[in-house]
Amino acid sequence: MKPQELSQTDLKLSPLGLGTVKFGRNEGVKYPAGFDLPEERELAALLDLAQGLGVNTLDTAPAYGLSEERLGRLLKGRRADWVIIGKAGEEFENGRSHYDFSPEFFETSLMRTLKRLGTDYLDIFLIHSDGQDMQNLSDDLIAKMHDFKTRGLVRAIGASTKTVHGGIRALETMDTAMVTYNQDYQDEKPVLDFAADHQKQVLLKKVLSSGHNTDIEEAFEFAFGHRAVCAAIVGTITPAHLRANIGAVNKAVEKAVGRSG
């Protein structure tokens, strides 16, 4: 799996990023079936497998329960091997999400994330939207995101958005956006088109419709068929699923390169 450079940054991401919701949270999630949180030794083996097959990108957030803390232990001494995507804005406590998009909270949240992960920087830092994108992506918060970048606390900034206007605003004012785009949901395609027209790229979430799409080769081929896509973030705690996802992404990327070449 060959890393791809995220346009207008110096970051190189594997086309498949490993989402870590299931590393730390198993309540209030929208997967087809319930699951137990894995033991950390199982997660360590999964990370070894991912790295051995060329995955270098991990996605986490405070809203993912114990994910940040567990990754901090699992990546000790290995931080430089990974591109870590972090977020702020959503908190999950006592079975419910709540949100805070103030610059002051983002400072507190980022510092807590860095401490949990045992690192002094994030590669990509995203605003974790609640769907009210244009309200949340305020001038003050975006200025704070750039401040983090200036201080060397993060290398690239953006937003995980849920609307077309929000995704475009993220691309206009920051480095990237993380958007939902799959065969069943194409409402946010204008964000991808905007990125392509402005020499930027996006990260994709829910490419497999939160596990509801079982034809993974077709799903990834559709996702990487758009030239604005740098990487797709897909969560799993199952080695067989990880291997299958990597194989499908490799095929999809080869086809996309063949079409563009």
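Mapping to the numbering used here: the sequence shown position 3 is 3, numbers consecutive.
Using N, Cα and C, we set each Cβ at its ideal position, and we do this for glycine too.
What three-state label does DSSP hand residue i in the structure shown?
| i | result |
| --- | --- |
| Val179 | strand |
| Asp184 | coil |
| Glu5 | strand |
| Tyr99 | strand |
| Lys22 | helix |
| Ser160 | strand |
| Gly52 | helix |
| Glu107 | helix |
| Val249 | helix |
| Met242 | Just to set this straight, residue 242 is Leu in the shown sequence, not Met. Looking at Leu242 - three-state DSSP - the assignment turns out to be helix. |
| Glu93 | strand |
| Ala278 | Outside the shown range of the chain (1 to 261) lies residue 278, about which nothing can therefore be said. |
| Lys30 | coil |
| Leu13 | strand |
| Val207 | coil |
| Gly131 | coil |
| Ser67 | helix |
| Pro190 | helix |
| Arg78 | coil |
| Glu39 | coil |
| Leu171 | helix |
| Phe222 | helix |
| Leu137 | coil |
| Ile237 | coil |
Tell me residue i's beta-bridge partners as DSSP assigns them.
| i | result |
| --- | --- |
| Leu122 | Val154 |
| Lys87 | Leu126 |
| Ile216 | In DSSP, Ile216 forms no bridge with anything. |
| Asp59 | Gly19 and Ile85 |
| Val202 | Ala177 and Val229 |
Within a Cβ cutoff of 6 Å, which residues of the same chain sit near residue i, ignoring the five residues on either side of it in sequence?
| i | result |
| --- | --- |
| Pro190 | Val164 |
| Ser67 | Thr20, Phe23, Gly24 and Thr60 |
| Ile237 | Lys22 and Pro38 |
| Ala228 | Leu192, Ala195, Ala196, Gln201 and Val202 |
| Ile84 | Leu58, Leu122 and Asp123 |
| Leu10 | Reading the sequence as shown, one finds Asp at residue 10 and not Leu. Closer than 6 Å at the Cβ level, and outside the excluded window around Asp10, lies no residue. |
| Gln183 | Phe222 |
What distance in whole Å lies between the Cβ atoms of residue j and residue i, which are believed to be in contact at a cut-off of 8 Å?
| i | j | result |
| --- | --- | --- |
| Asp120 | Leu114 | 6 Å |
| Ala196 | Ala177 | That pair is no contact at about 12 Å. |
| Ala44 | Leu18 | Actually they are not in contact, since the Cβ atoms of Ala44 and Leu18 sit about 13 Å apart, beyond 8 Å. |
| Ala232 | Val253 | About 10 Å; that fails the 8 Å criterion. |
| Leu53 | Ile246 | 5 Å |
Grab me the residues of residue i's own chain with a C-beta within less than 7 Å of its C-beta, minus the 5 sequence neighbours each way, in chain order.
| i | result |
| --- | --- |
| Pro3 | Lys12, Leu13, Ser14 and Asn56 |
| Glu27 | Gly95 |
| Gly166 | Ser129, Asp133, Met134, Leu137 and Ala159 |
| Asp147 | none |
| Phe194 | Ile168 and Leu171 |
| Pro103 | Asp140, Leu141 and Lys144 |
Considering only residues of the same chain and omitting the five flanking positions on each side of residue i, which have a CB-CB separation below 8 Å?
| i | result |
| --- | --- |
| Gly34 | Asn26 |
| Gly258 | none |
| Tyr64 | Thr20, Val21, Phe23, Gly24, Arg25 and Phe92 |
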